[in-house]
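Going letter by letter, the sequence shown gives residues 576 to 1110 in this note's numbering.
Glycine is no exception: its CB is placed at the ideal position from the N, C-alpha and C atoms.
Report on the following structure.
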Amino acid sequence: MDGCRWKNRPLPRRKRHSPIIENFKKTAPNALFFDCQSESNMVYYINIQRSITDMAIRLFKNLFRKHQKGHIGLTAEEAYAPLPDDFMWEDTEKEAVEPSKEEPAPDTQAVVSASEASVSEAPAANQESAVEPEAAPEAKENAQRSVSVWMYGYVEERDIAMTLIRTGIISAFRSVSEDETGFSCRLTQDASVKIKISTNPENVSAQAGYLLSRFQDVYLSERDVKNAALMQIEVFNAFAEFTLNPPYADSDVQLLTNAVYKIAESVCGFVLNEKVELYRWDQKLLISDDGRTDFTEFMPIRRSSDEASKADSEAADAQRRLKSIEILKKHGVEIPAEMPVQLPESQAKLREPEEIIKRLTALFACALKAQAYASPSDISAPHAFVSSVIKRLDNQYNVGRNFTSKEAEYIVRGRESQHAAFRLRMESCHVLLWALGLVNISWPSERTDVENLLRIIRDADTEMLAKIAKPRPLNVILSMHDVTFRLHSICVRAGEEALKNINLDHDVIYERHYALNWLLTADGISDWDMVIPKT
576 MDGCRWKNRP
586 LPRRKRHSPI
596 IENFKKTAPN
606 ALFFDCQSES
616 NMVYYINIQR
626 SITDMAIRLF
636 KNLFRKHQKG
646 HIGLTAEEAY
656 APLPDDFMWE
666 DTEKEAVEPS
676 KEEPAPDTQA
686 VVSASEASVS
696 EAPAANQESA
706 VEPEAAPEAK
716 ENAQRSVSVW
726 MYGYVEERDI
736 AMTLIRTGII
746 SAFRSVSEDE
756 TGFSCRLTQD
766 ASVKIKISTN
776 PENVSAQAGY
786 LLSRFQDVYL
796 SERDVKNAAL
806 MQIEVFNAFA
816 EFTLNPPYAD
826 SDVQLLTNAV
836 YKIAESVCGF
846 VLNEKVELYR
856 WDQKLLISDD
866 GRTDFTEFMP
876 IRRSSDEASK
886 ADSEAADAQR
896 RLKSIEILKK
906 HGVEIPAEMP
916 VQLPESQAKL
926 REPEEIIKRL
936 TALFACALKA
946 QAYASPSDIS
956 APHAFVSSVI
966 KRLDNQYNVG
976 RNFTSKEAEY
986 IVRGRESQHA
996 AFRLRMESCH
1006 VLLWALGLVN
1016 ISWPSERTDV
1026 ENLLRIIRDA
1036 DTEMLAKIAK
1046 PRPLNVILSM
1056 HDVTFRLHSI
1066 CVRAGEEALK
1076 NINLDHDVIY
1086 ERHYALNWLL
1096 TADGISDWDM
1106 VIPKT
């Protein structure tokens, strides 16, 4: 029944209960009474506990229209109706009294719907301990029924909880599809599973209320464990219901349980079975309604903000990897699908714009010197040209203080063998300007346009660059890093001939990977000279 809300409280006091209810409560004092409000009518449920005897069921079975899985229900009219004149407080084979034509018949269909809703909204009562109202026909006894397992957890951010559970479902089950009612998937080729997830506070609170009602009167020798277990239940803010539908093999029930435990581990969750046994994700029994536990001490678990943030970054890493694979496929590049991200988001630390500008100007000075000496036909007096460039950059950016030890040595006494490597630093400059949001970047098939970079750096200074910069966010730079890392791995493994077929420049990719590693402080390395672009 849509919109059904369970509340663990007595029946409304606005009317006096009929003798039916009063005598039932005397016969079964530990019965729990629930009310379920729908748009059509009010239906009352009496949850049959272990303390209710067969006699109570025999006495009252002719008064209740429907019963299912340990719950029996009656309409509001029945709940407040006077006792029938011919009612007998003993076993009777007499059929239930039919409503008169003047009186409207109880909405039995609503009772059935509400009963089914109750099973969906909260776990069924203990099937082993609950008294069966009547023996079912033999055909029904032999027929398979649906098997349900429930998972509960606490994650500080509800959206993260949904993401983690979804990811676990996709990993654990086959042929997963999702619609507004939940997930439909397959456990095996023949066994289908329906999954409902909720982080809605009202729904989760109702589920927690049901568990508290089952466990609060349980005797546990470890009293502190019981109190901690009840506290744990109170902090749950997410749950999922897994239902295995017939037909299925006996082994499929265990497969379902194992899959749920695997998902529970990702959210530090707890698993409830139909025997009303609540287990921690490591399959250690926390509490059962017959007073058992595997714990001598227990502390309620709350996922901290750091743990939630880590889980969120792991989900983002997985999405980033899939996006990188898609981008590379569009360019005709095939890579192993199992290759993980090189730099997880949780380990990345993006440099500040001021630090990026300092590194940019030092690299640019070295690259200009290398270009001047590597192309003597373009510059007749490279030494004078380099001196002039360094002086100008020092006035604009105080570049003399930005060099690393290797760069400073190259500026003073650079060897001819170093010119080619330092000339490629222009590709690193391109990456840093892109990170500042001042240029775009394209597929790494050709070298950067030096004149474009020169115009930006020549006509500004540190203050102006910092003012006009629009730094790109961490997730964008991480995505560029992941694509570049995968391209670099292909370059190392494929060889130069293979690269021609996919239109890649190995040198450009190497320099980009180097600069992106520094930008994101990969491997915790802050010194530019110590960066290693691993593949």
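Assigned exposure category for residue i - 16 Cβ within 10 Å defines buried
i	result
Gly844	buried
Tyr794	exposed
Ser980	exposed
Ala839	buried
Glu677	Here the model assigns Glu677 a pLDDT of 42, short of 50, so the residue's position is not dependable and the matter cannot be decided.
Ala959	exposed
Ala680	Low per-residue confidence applies at Ala680: pLDDT is 45, beneath 50, and the placement is therefore not dependable enough to give any value.
Ser752	exposed
Ala1090	buried
Met1105	exposed
Met726	buried
His906	exposed
Cys938	The displayed chain sequence assigns Leu, not Cys, to residue 938. Answer is buried; the Cβ neighbour count reaches 16.
Arg895	buried
Gly743	buried
Asp892	buried
Asn812	buried
Limits of the unbroken alpha helix (DSSP H) element including residue i
i	result
Met1001	Arg1000 to Ala1010
Lys924	Taken as a continuous stretch (DSSP letters only), Lys924 belongs to no alpha helix (DSSP H), as it is neither H nor E.
Met874	Looking at the DSSP string, Met874 is not in any alpha helix (DSSP H), and its letter there is neither H nor E.
Val1106	Looking at the DSSP string, Val1106 is not in any alpha helix (DSSP H), and its letter there is neither H nor E.
Ser1095	Here residue 1095 is Leu; the residue named in the question, Ser, does not match the sequence. Careful: Leu1095 lies outside any alpha helix (DSSP H) and carries neither H nor E.
Asp1036	Taken as a continuous stretch (DSSP letters only), Asp1036 belongs to no alpha helix (DSSP H), as it is neither H nor E.
Leu1079	That residue, Leu1079, is in no alpha helix (DSSP H); it is neither H nor E in DSSP.
Tyr794	Segment: none, Tyr794 is in no alpha helix (DSSP H) and carries neither H nor E.
Pro1048	From DSSP, Pro1048 is part of no alpha helix (DSSP H); its letter is neither H nor E.
Ser963	Pro957 to Tyr972
Bridge partner(s) assigned by DSSP for residue i
i	result
Met726	Ala815 and Val846
Cys760	Val768
Ser773	Phe814
Asn820	Ser767
Per-residue DSSP class, three states only, for residue i
i	result
Val751	strand
Gln702	For Gln702, the predicted model reports a pLDDT of 42, less than 50, meaning its position is unreliable and no value from the coordinates is stated.
Ser950	coil
Leu897	helix
Thr868	coil
Ser992	helix
Asp827	helix
Ile910	coil
Gly1070	coil
Pro928	helix
Val916	coil
Thr742	helix
Asp1030	Checking the sequence shown, residue 1030 turns out to be Arg, not Asp. The answer is helix: DSSP assigns Arg1030 an H, G or I state.
Glu1021	coil
Gln719	coil
Ile1100	coil
Phe939	helix
Val835	helix
Ala890	helix
Ile1016	coil
From the options, residue whose alpha carbon lies closest to that of residue i
i	options	result
Leu762	Arg1047, Ser780 and Asn833	Asn833
Asp865	Ala804, Lys898 and Asp792	Asp792
Pro928	Ile808, Ala1010 and Glu1002	Ala1010
Asp825	Glu920, Ala718, Val779 and Tyr985	Ala718
Arg1047	Asn1092, Val1014, Asn1076 and Thr1023	Val1014
Glu1026	Ser780, Ala1041 and His1005	His1005
Leu925	Phe814, Gln894, Trp1093 and Met1105	Trp1093
Pro776	Ala983, Arg741 and Gly728	Gly728
Ile740	Ser750, Lys933, Val722 and Ile772	Ile772
Asn1120	Val964, Ala945 and Ile932	Since the first residue shown for the chain is 576 and the last is 1110, residue 1120 is missing from the structure and cannot be characterised.
Ile902	Lys837, His1056, Asp754 and Tyr972	His1056
Ser1064	Val916, Ser750, Leu786 and Ala803	Val916
Val768	Ala804, Ala890, Ser721 and Glu872	Ser721
Met914	Gly757, Phe748, Ser962 and Val1058	Val1058
Arg798	Thr871, Tyr785 and Pro919	Thr871
Boundaries of the beta strand (DSSP E) in which residue i is found, first to last residue
i	result
Leu853	Glu852 to Arg855
Leu861	Leu860 to Ser863
Closer than 8 Å: residue i CB and nearest the ligand COA heavy atom
i	result
Glu984	The ligand COA is not part of the structure shown, which contains no ligands of any sort.
Residue-level contact to chain B via CB, residue i, 9 Å cutoff
i	result
Gln858	Annotation note: the requested chain B is absent from the structure, which comprises a single protein chain.
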